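Participant: Below you'll find the structure I mean.
2 protein chains.
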Amino acid sequence: MLIISEEDVLKNYSMKQCIEDVERAFALSKRSEIVIPFRTLMHQGEDGAHTLYMPSFVPEINYSAVKIASIFPGNEEYNIPRIQSTIVLSESKTGQHVANIAASALTMLRTGAISGVATKHMAREDARTLSVIGCGVQSFGQILAIMEVRDIDKIYLYNRTKNKAFDLKEKVTKQYPNWNGEILIVDSANDAVSKADIIVSSTSANTPVFSGEYVNAGTHINAIGSCEPTKQEYDVETLKKANKVIVDTLEGAKGEAGGLVIPNEKGEWSIENIYSELADIVVGEKVGRENKEEITLLDSVGVGFLDTVCAASIYESF
Amino acid sequence: MLIISEEDVLKNYSMKQCIEDVERAFALSKRSEIVIPFRTLMHQGEDGAHTLYMPSFVPEINYSAVKIASIFPGNEEYNIPRIQSTIVLSESKTGQHVANIAASALTMLRTGAISGVATKHMAREDARTLSVIGCGVQSFGQILAIMEVRDIDKIYLYNRTKNKAFDLKEKVTKQYPNWNGEILIVDSANDAVSKADIIVSSTSANTPVFSGEYVNAGTHINAIGSCEPTKQEYDVETLKKANKVIVDTLEGAKGEAGGLVIPNEKGEWSIENIYSELADIVVGEKVGRENKEEITLLDSVGVGFLDTVCAASIYESF
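Quick mapping for you: the protein sequence lines, in order, are chains A and B.
Heads up: the first sequence begins at 0 in numbering that gives the first Met the number 0, then just goes up one per residue.
Heads up: the second sequence begins at 0 in numbering that gives the first Met the number 0, then just goes up one per residue.
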């Protein structure tokens, strides 16, 4: 049993590699069976503390894994991260458990990589400005991923609590010492949106944080914040303006993507309008962007088998 | 994250401690809530390979854990154990994952300890002979446990493949260099049964391996082999002769104890005849053995929260 810490993951596993792995994982999900049992939720406290057990098995790479994610809202009080996650990786020829991988950095990287893959296929080739709404942990991974697939020269950051935007700016600046681009912190989400070729929306908002009114033609949007059917971080106007709405998996989107589920339930927009799963675009079954004017939107809630593929890649790098 | 290997468990965790922990665990299951979500089964191959994810949360001790058990029938070909199991232990104030514990030795010890606790309360104080039907890995743990709670001076071993009985004899002999008792290998399960004050039945048999006809008055039986509702290792006569039938949990027994479920379904015996759960006897809500003549039977299929309690105890010993 190999123990791989958060530091090990960050040191050994690049965003470039992670994007390759995620793209490969989506491709193999199209051509072979992947086993994803229902996840188990175990309640652990009156404050909503709970643990999720999310197993998946990818026969083609001969690994299975279970991600164990404990969400403890009370942790903020102790200055301990709210989400504690770890992955047990098992090889699937003999069922031997080969690694225990701390999974916060992995999750941040693979969540970024999903947007990276979508952006690679859906954003304009000449996209140069990136606007990030919400400056939490995940947004750093989003920026790493998008910097990998497009030549970004300007990043706009918006966060309700401005300090977090400054913190993220500092982190990104440190990450790219030789980069000539500029990072600007703005006061309104709509302002950020109006300046963007690529938008990342990564908030835990219950109601829309920006309006479709401000989305320009030719924009690609990665919405990754809302992973609950009752949360909606972009409005229905954004959805209606989008020429192509894609999702990581239809099943996940229908169960968890509030941005799509809520307008569908209200009859404002139909979930049947989803253009495709990201995997279809990766393998070329569906075309990505077709012209400079299209507005494209990825609503991503994540999908467990990516963790298995990324965990296996990390393990094999040791 | 602390990694605890099989060797660490065997070195640091005694059967004496394990019996104490299991007894304490049963007691606290009576006085406080324990959370046991449904276990998840993930199929992993045409030969029946599969992985079980078994989480449980014991609020009173502030730990949760998930046992991951991969059962790979094809492993025998590679001389790798058929069952690969590991436990991730998490403390439940902040959800932090604190240890990964190899779980074969732990499972063997705690399965033994269940029988140890039952034997302590149910076997005659003057029980001296132990007969073990089936000499696989679990039987070693059964012997360790029963040696802990009774002064055994004779052990009869029966196994269909005799070599395994000799292997177990050697292992037990090594374990107790100063013991004055005797270990005898016998040719028939019924012969072993007829000589016993305490019986351990630990086989993977689909149909009964011994007959109740040979069970003497005053015997205590620990039947731990059949953990599937379609397997029956002791016959209905044994069941009918038993004055007290106890189980680790009613829920587990009704779902998995073939020895009880099959006769119940056939109308040969009623599951309503179960005398009590082991926990009731541990806390004194029900009386154990009442005289020298009673035949008592524990049918144990195991219960997940014991793993959590034992894992926590092992972790805290480091």
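Note that the Cβ used here is the ideal one computed from N, Cα and C, for glycine as well.
No experiment lies behind these values; they were computed from the predicted model shown.
Checking 8 Å against the spacing of the C-beta atoms, do Ile270/B and Lys253/B come in under that value?
Facilitator: yes
Participant: How about the segment 295-311 of chain B and the segment 18-29 of chain B: do they share at least three Cβ pairs that are nearer than 8 Å?
Facilitator: The segment 295-311 of chain B is in contact with the segment 18-29 of chain B.
Participant: With a threshold of 8 Å between beta-carbons, can Met0/A be considered close to chain B, or not?
Facilitator: yes
Participant: If you follow the alpha helix (DSSP H) that Tyr314/A is part of, which residue opens it and which one closes it?
Facilitator: 303-315
Participant: Mind checking Arg159/B: buried by the 16 CB within 10 Å criterion, or exposed?
Facilitator: exposed
Participant: Alpha carbon to alpha carbon, how far is Thr229/B from Ala204/B? Give it in angstroms, no decimals.
Facilitator: Rounded to the nearest angstrom, the two C-alpha atoms are 10 Å apart.
Participant: If I measure Cβ to Cβ from Glu181/A and keep anything under 8 Å in the same chain, skipping five residues before and after, which residues do I get?
Facilitator: Asp152, Lys153, Ile154
Participant: Run through chain B and tell me which residues come within less than 7 Å of Ala48/A, C-beta to C-beta.
Facilitator: Correct list: Gly94.
Participant: Would you call the segment 139-148 of chain A and the segment 101-108 of chain A in contact, with 3 or more CB pairs under 8 Å?
Facilitator: yes
Participant: For Lys194/B, collect the residues of the same chain with a Cβ closer than 7 Å to its Cβ; drop the 5 residues on either side in sequence, then sort them by chain order.
Facilitator: Thr128, Ser130, Tyr155
Participant: Specify the secondary structure class of Phe139/B as computed by DSSP and reduced to three states.
Facilitator: helix
Participant: How many whole angstroms separate the CB atoms of Ile100/A and Ile313/A, which I take to be in contact at a CB cut-off of 8 Å?
Facilitator: 6 Å
Participant: Tell me whether the beta-carbon of Thr85/B lies closer than 8 Å to the beta-carbon of His96/A.
Facilitator: With contacts defined as CB atoms closer than 8 Å, Thr85/B and His96/A qualify as a contacting pair.
Participant: Exposed or buried, Arg30/A, counting other C-beta atoms within 10 Å across all chains shown (16 or more means buried)?
Facilitator: That one is exposed.
Participant: Could you work out which residues of chain A lie near Ser89/B, taking near to mean beta carbons separated by less than 8 Å?
Facilitator: Thr50, Ile67, Ser69, Gln83
Participant: Taking the straight line between their C-alpha atoms, what separation do you get for Ala310/A and Lys10/A?
Facilitator: 14 Å
Participant: Any contact of the segment 286-294 of chain A with the segment 208-224 of chain A, i.e. 3+ C-beta pairs under 8 Å?
Facilitator: yes
Participant: In chain order, what are the residue ranges of uninterrupted beta strand (DSSP E) at least 3 long that sit wholly in the segment 204-247 of chain B?
Facilitator: 219-222, 243-246
Participant: What's the gap between the Cα of Ala102/B and the Cα of Val57/B?
Facilitator: Going from the Cα of Ala102/B to the Cα of Val57/B covers about 18 Å.
Participant: Answer yes or no: does any C-beta atom of chain B fall closer than 8 Å to that of Tyr77/A?
Facilitator: A Cβ of chain B is located within less than 8 Å of the beta carbon of Tyr77/A.
Participant: So, using beta-carbon positions, are Glu232/A and Ser200/A closer together than 8 Å?
Facilitator: With a cutoff of 8 Å on beta-carbon distance, Glu232/A and Ser200/A are scored as near each other.
Participant: Which value, in whole angstroms, describes the spacing of the CA atoms of Gly224/A and Ile223/B?
Facilitator: 49 Å
Participant: Per DSSP, which residues does Gln83/B bridge with? Please list them.
Facilitator: Ser69/B
Participant: Against chain B, with Cβ distances strictly below 8 Å, would Ser63/A count as a contact?
Facilitator: yes
Participant: Would you kindly report the start and end of the unbroken alpha helix (DSSP H) that includes Phe165/A?
Facilitator: That run of the alpha helix (DSSP H) goes 161-174.
Participant: If contacts are defined as beta-carbon pairs under 8 Å, then Thr93/A and Ile294/B qualify, I think. What distance do you get, rounded to the angstrom?
Facilitator: Thr93/A to Ile294/B, Cβ: 42 Å. No contact.
Participant: Are the C-beta of Asn290/B and some C-beta of chain A separated by less than 8 Å?
Facilitator: no
Participant: Find out if the Cβ-Cβ distance for the pair Ser91/A, Gln174/B is shorter than 8 Å.
Facilitator: no
Participant: Quick check: is the beta carbon of Pro54/A nearer than 8 Å to any beta carbon in chain B?
Facilitator: yes
Participant: To the nearest angstrom, how far is it from the Cα of Ile82/B to the Cα of Glu59/A?
Facilitator: 22 Å
Participant: Cα-Cα, which of Ser187/A, Glu5/A, Gln16/A is closest to Gly133/A?
Facilitator: Ser187/A
Participant: Which of the three DSSP states is assigned to Ser99/A in this structure?
Facilitator: Going by the sequence as given, residue 99/A is Asn instead of Ser. It is a strand residue.
Participant: Mind reading off the beta-carbon distance from Ile2/A to Phe317/A? Whole number of angstroms is fine, and I expect it under 8 Å.
Facilitator: That pair is no contact at about 10 Å.
Participant: Using a threshold of 8 Å, state whether the C-beta atoms of Val116/B and Ile18/B are closer than that.
Facilitator: yes
Participant: I'd like to know whether the C-beta of Met107/A is nearer than 8 Å to at least one C-beta of chain B.
Facilitator: no
Participant: Please confirm if Asn158/A has its CB atom under 8 Å from at least one CB of chain B.
Facilitator: Asn158/A does not count as touching chain B.
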